[in-house]
Structures are given as structure tokens and as C-alpha cells.
Amino acid sequence: MGYRVVVDYDLCESNAICMQVAPEVFEVRDDDFLYVLDETPGDDQRAKIDEAVQRCPKQAISIAED
């Protein structure tokens, strides 16, 4: 079963904690905005995505199961 990374940009502060955990999926650029590089990462990235969800101080990241 697949999944999709969802970011609530109204909550996101672009503090880059998620980028530290999963740089293959998240990137905060020079414009101070968070970009999701891969909305549907493979299962091999799932543990990192779960950690990013847990560590986000604003709870702006979630996972939608497909």
C-alpha cells in the first residue's frame, strides 16, 4: 500500500527539522520555504518520514495512506 506526504503550509514554519531527518524528501531553500521533493517516497523512506512527522514542532506534516 502506498502513501503520500502531506504538508499543511499554513502551519509550517520551515524550520528544516524534517529536512535534517529526510533530506531526500524535504528541502528548505534560500527563500525560507519548505519544498517536498518527493510526495510519494518509497517504503524504504517510511521510517524517516514517520520520524519527520513526529519531530515537526508545528505538526504540519502528515501521511495520507493510499
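Numbering (the working numbering), first residue to last: 22 to 87.
All C-beta atoms in this analysis are idealised placements derived from N, C-alpha and C, irrespective of residue type, glycine included.
These figures come from a predicted structure and were not determined experimentally.
For V74, the enclosing alpha helix (DSSP H) has its first and last residue at 67-76. When C-alpha distances from C77 are compared across D65, Q41, D53, the shortest belongs to Q41. Judged by DSSP secondary structure, V28 falls within the beta strand (DSSP E) whose first and last residues are 24-28. At a Cβ-Cβ threshold of 8 Å, Y24 and D87 count as neighbours.
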